[in-house]
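Encoded as structure tokens, the structure appears first; notes follow it.
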Amino acid sequence: MAELVGGALLSGFLQVLFDRLASKEVINFFRGKKAIVKLLDELNIRLLSASVLLNDAEEKQTRDKNVKKWLDELKEVIYGADNLIDKVNTEALRCKLEGGGSGSRSSKLMNLIPPLFSAFDNIVKFELEETLHRLKLLLDQKDVLGLKECVQSRPSQKLLAPLVEECDVYGRDADKEVIVKMLLLDDTESHKISVISIVGMGGIGKTTLAQLAYKDYRVQEHFDLKVWVTVSEEFDILRITKVIFETVLSKRCDIEDLYQLQSELKKALIGKKFLFIHDDVWNENYQLWDLLKSAFESGAHGSKIIVTTRSKIVASKMSNSGILELRAISDNDCWQLFAKHVFDNMNSDVPSNLQEIGMEIIRKCKGLPLAAKSLAGILRFVSNPKEWRRVLESDIWELQFQENHGSNIHPALWLSYHFLPPYLKRCFAYCSIFPKDYKFYPSEWEKIILLWMAEGLLPLEKGKRIEDVGEEYLHALVSRSLFQKSSQDESVLLMHDLVHDLATRVSGEFCFILDGDNDLHKLANKTCHLSYKKGFEDSMKLEVLTKVKCLRTILALPLSCGYSQSILIQPAWLELMIKIGVSLRVLSLSNYSSIVGIPDSIGTLMHLRYLDMSNTKIKEIPDSICTLYNLQTLLLSDCRQLTRLPTDISGLINLRHLRIRGTSLKEMPMNMCNMKDLQTLCDFVLDKQGGFRIKELGRLRLLRGQLHVSGLENIVDAADVLEANLKDIKHLNELRLTWGDKHNVVDSQKEREVLEALEPNKNLEQLCISGYKGTLFPNWIGDGLYDNMVNVSLIRCENCCLLPPFGQLPSLRELEIEKMDGLVCIGEEFCGTSLTKTFRSLEKLIIRDMCSLEEWSFPSSDNQEGGVFPSLKELCISICQKLDVGLPSNYLPSLTKIFIWNCTEMVTVLRQGTQQSIDTALPSLEYLDLFHCPRLESFSEMGFPSNLTQVHIYLCKTFFADRVNWDLQRLSSLKILVLSGYEEVLNLFPEEGLLPFSLTSLSIKNLAKLKVLNGKGFKHLTSLQQLDIWDCHQLECLPEEGLPLSLSYLCIFRCPLLRPRCQSGVGEDWHKIQHIPQIIIDREEIL
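Residue numbers (UniProt numbering): 1 to 1087.
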């Protein structure tokens, strides 16, 4: 039953082909050439004849292998016909743009003369005749195969937004409690690290159950660390360990040596009670499992690992504390799940006739939640009982279904595909080109849509962008549970293994993934779409690809990556790939650092619609690319050595997306305005002689998303900017305006006129102005009518002496002001004249490198409810040498984090003279970071707020000297304290009673003249787990009383007098620290 729905797939493809045959481009191109027109008409008729046989063939192929073979042959013929018609469209477009060739019909005189056949016409005629011959042979077999003409009826549905978030799971309450109870059990006599397995067939809900337990509030509170890893069929120990390491330490890991990585992870887990979820495990090799878990043994007693697997063998080998074998849910629970998705939670209003049919359908789901959700996707908001009964009575239910290892697909999943509209079938099948467990991050959602567009899978719909159609299709697949949101990150889409199996079956030999299980010798000559994981290049013997007749896609995966791959690709390799890919629609080779150029032969790929060379080291784009008239998407982001685009790139009139963010372009080519379909143009660069070109933006009305206009200092006449008319570009959501660093202002009035004329549409969400040299900002900046504005940055606006009234922006969440040298005071003008709350949405404020700023001045700052900044959560002030008070207001009810760095004249953080308590002024403050504020005397007259959990104090000489007055004992929530950078003599530190008993982590760093640690200052720290002592060069010894018994981690770094005293077994201070599980001295672990 491998190609059960292959015929249904073809119906979608045929509709696109019919549309192309009827296009005016094809009709006009062959006007007067009756022989070809007659062949095209005949092709249309025979394709129609084939299309009415598809539904019957779809049903019969499950019983007749000859019908299945017939469908495969038909699919191959249709791909070939599509290529031919695309070739005609491309030639017609070339003739139109270049003004010549057989397609030119511009002369009235030529219309009176019968046109002669060109060489191209002869080629088309020959290929049409061959296609018709193959179609005739196939159609002649219909009687022998018993195929009948019929039209499939399916539930009529409009495209829907994604299903509502699933707030609950049916039939798993008892199972969840079993798992949670096992997780919370801390039996000291049991295994130190318990491994629990959840085993069951695909689609039964193993991952869902693990997710429920993982997110349970009791479990959240019970464990110090929680990590979720999707393991899948390839048991890659290095990858799994990396995921855990990066999650535990919240940073990226570049370690490639497994032993070193496991050693570092082992250190990180010492004394920590963790919960790891290993989801979807297939590995049955116990030795591999034993090697992986060896890095976990340093965790605290009571740590747990949950394994989900389809295999009882895997469960038995990995578990040491129990196996939960997940059973199917009851028909009643299955119905509730089904009804919730079909009727959008309106169970009480379910018509009785539909409920009766629905229960019969549910009984066929055999208690499989994935099957119920998939069928719900078919019948969502369908109210016609006949359509429900058609699903119930489908022959597809008669197919055999086995539980073991997904070798067969549940009939419910086949039905969910069978009843998809034709336009969704092709999009779904195309996704089989991505491997199992591939993560579609938000940046890749758009790429999927662009790939569908390049393959011609998205039809034009009146009044809609084709990309919007693709977005609707993607949401429709999500709503039918053919894509799912990741349990770890809801912005990530995944395809369930069984659904991926279905997509792979549907696409058959037409999609091929090169991986460890496949090599190119297994490639079929029918293959149209090829993908491979970066790193498999050595196994790609490209000569094998020459047997493929119609390769349309080459994807190097993953599509997105934050860094270049160091894998080498030889120029000849790329040349050969282009040579054999004459039918390519898609070529994606991003993130290869070894690609330094694109061959001129790229111009031969006449069908190419999508080219991604992002994050490579190409230095220029060959001019031949300008003949790729079908090109829709050109991605060149982060090609940092690219300095110019081809001169004639404006000839790519079908280009819709040009991404050049992160390149080194010096200028834009002439006539960019000719690309009137352009939707994405991240950057527009004005050079010294080309400032006037900014007016070309005025003809690019369809631009959307991000736009960065740089080189604004090169504009000579502000009138040119008015022609750009950014106010009429309605779909821009992010605008960045940049004047060059070496820009010396001559006329500040002209500078303001230019910025005035750059006024964007009121829909703008993010604005950044950099390098502006005017003295005042125009009135549109800070205008309250920009009610979608959420982020604003003003960078290097050095001559401005007043800030715009940003307090009037109702949605502003983040504001950054940097290097505004002319600003002395931030006052009431900053708030504006709004009658409502000022800064009502502002959550983050950054003030950086303001050399003249002396004060905040808000005379009425506390009159309004919530103060001037009622929502401010994070405040960052750095390099403001003249500012003597840190906080802009005495009442910041939502402030949780304060960063004050390099403010050399600051005396206090909170202004003096407030009548309210410190906890009333700052009731939410949890994090405080003070760095290099040598004159700082106090946080406030009232000390620190009591809700602080982390305090970092570096190089604050005066403040540190007054530490005995900090009154840290009242900070019962303080867990982490870092004290660093004090050069005065410290004979005994920390003073008795200085540190709060609540501390769990203490760092003492760069106390250059500290000689002795005071044991009495540590004795009450019964919760202290981690102690770091760095760069204390005169520290002679550890306290005579020893260190707290609660310590699980001690790190000593660059303390030369301590090192020999702490040597294992022989050092004079060894007895003081030998109870600590993990000790690291100068980056070496002491065993």
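Cβ coordinates follow ideal geometry from the N, Cα and C atoms, glycine included.
Residues bridged to Q766 [DSSP beta-bridge criterion]: DSSP output for Q766 lists E734 and N791 as bridge partner(s).
Cα-Cα separation between D19 and L551, rounded to whole angstroms: Computed Cα separation, rounded: 22 Å.
Inter-stretch contact at 8 Å, needing at least 3 Cβ pairs: the segment 445-459 / the segment 265-273: Too few Cβ pairs lie closer than 8 Å, so no.
Alpha-carbon spacing of E751 relative to I378, whole angstroms: Each residue's alpha carbon lies about 59 Å from the other.
Proximal residues to Q262 (C-beta, below 7 Å), its chain only, five neighbours per side dropped: If you ignore the 5 residues before and after Q262, its C-beta comes within less than 7 Å of the C-beta of T241, S294 and A295, all in its own chain and listed in chain order.
I85 - containing alpha helix (DSSP H), residue span: That run of the alpha helix (DSSP H) goes K65 to E98.
Other residues of its chain near K957: CB distance less than 6 Å, five sequence neighbours each side excluded: Excluding sequence positions up to five before and after K957, its CB lies within less than 6 Å of the CB of P934, all in the same chain and listed in chain order.
8 Å Cβ cutoff met for I1080 and R1059: By the CB criterion at 8 Å, I1080 and R1059 fall outside the cutoff.
Range covered by the beta strand (DSSP E) that runs through N1006: In the DSSP assignment, N1006 falls within the beta strand (DSSP E) that extends over S1001 to L1010.
Beta-carbon separation (whole angstroms), N779 vs L726, contact threshold 8 Å: The C-beta separation of N779 from L726 comes to about 16 Å, leaving the pair out of contact by the 8 Å criterion.
Nearest residue (CA-CA) to K181, options S194, Y170, S583 and L645: Ranking S194, Y170, S583 and L645 by Cα distance to K181 puts S194 first.
Opening and closing residue of the alpha helix (DSSP H) in which G377 lies: Element bounds for G377: P369 to L379.
Cα-Cα separation between D437 and H1071, rounded to whole angstroms: Between the alpha carbons of D437 and H1071 lies a distance of about 51 Å.
Distance between G80 and G690 (C-alpha atoms, nearest Å): Each residue's Cα considered, the two are about 46 Å apart.
Nearest-angstrom Cβ-Cβ length linking R656 and D683, presumed shorter than 8 Å: About 16 Å; that fails the 8 Å criterion.
C-alpha gap between E1084 and Y259, whole angstroms: Those two C-alpha atoms are separated by around 15 Å.
DSSP three-state assignment for residue 1088, whether helix, strand or coil: Residue 1088 cannot be examined here, being either before or after the span of the chain that is shown, 1 to 1087.
Start-to-end residues for the beta strand (DSSP E) that takes in T949: Judged by DSSP secondary structure, T949 falls outside any beta strand (DSSP E); it is assigned neither H nor E.
Alpha carbon of D849 to alpha carbon of V907, nearest angstrom: The alpha-carbon of D849 is positioned some 18 Å away from that of V907.
Endpoints, beta strand (DSSP E) assigned at G470: Segment I466 to S479 is the alpha helix (DSSP H) holding G470; no beta strand (DSSP E) there.
Whether V506 touches Y417 by CB criterion (8 Å): Yes, Cβ-Cβ distance for V506 and Y417 is below 8 Å.
DSSP three-state assignment for S531, whether helix, strand or coil: It is a strand residue.
Buried versus exposed call for E490 [16 or more other C-beta atoms within 10 Å across all chains shown]: Around the beta carbon of E490, a 10 Å sphere encloses fewer than 16 other beta carbons of the protein chains shown; the residue is thus reported as exposed.
For D1028: DSSP bridge partner residues: Bridge partners of D1028: S1003 and C1051.
Euclidean distance between Cα positions of L979 and T920: Annotation: L979 to T920 spans about 26 Å, alpha carbon to alpha carbon.
Under 8 Å between C-beta atoms of S650 and N630: Not a contact, by the Cβ cut-off of 8 Å.
Residue nearest to C431 in terms of C-alpha spacing, selected from M495, W335, A376 and C253: Of M495, W335, A376 and C253, the residue nearest in Cα terms is M495.
Segment contact, 8 Å Cβ cut-off, at least three pairs: the segment 1033-1040 with the segment 1003-1020: Yes, the segment 1033-1040 touches the segment 1003-1020.
Whole-angstrom distance between R480 and N83, CA atom to CA atom: Pairing N83 with R480, the inter-Cα distance amounts to about 31 Å.
Residue burial classification, V951 (beta-carbon count within 10 angstroms, cutoff 16): The residue is buried, with at least 16 neighbouring Cβ atoms inside 10 Å.
For S924, the three-state DSSP class (helix, strand or coil): The answer is coil: DSSP assigns S924 none of H, G, I, E or B.
Coil, strand or helix - I578 by DSSP: I578 falls in the helix class under three-state DSSP.
Buried or exposed by the 16-neighbour rule on C-beta atoms within 10 Å, applied to T643: Looking at its Cβ environment, which holds fewer than 16 other Cβ atoms inside 10 Å, T643 is exposed.
Proximity to I795 [Cα-Cα], best of L823, L812, M789 and S811: Checked all of L823, L812, M789 and S811; the closest Cα to I795 is L823.
Straight-line gap, D331 to N733 (C-alpha atoms, nearest Å): Distance between the alpha carbons of D331 and N733 is about 48 Å.
Complete alpha helix (DSSP H) runs within the segment 240-279 (minimum length 4 residues, chain order): With a minimum length of 4 residues, the continuous alpha helix (DSSP H) runs that stay inside the segment 240-279 are 258-269.
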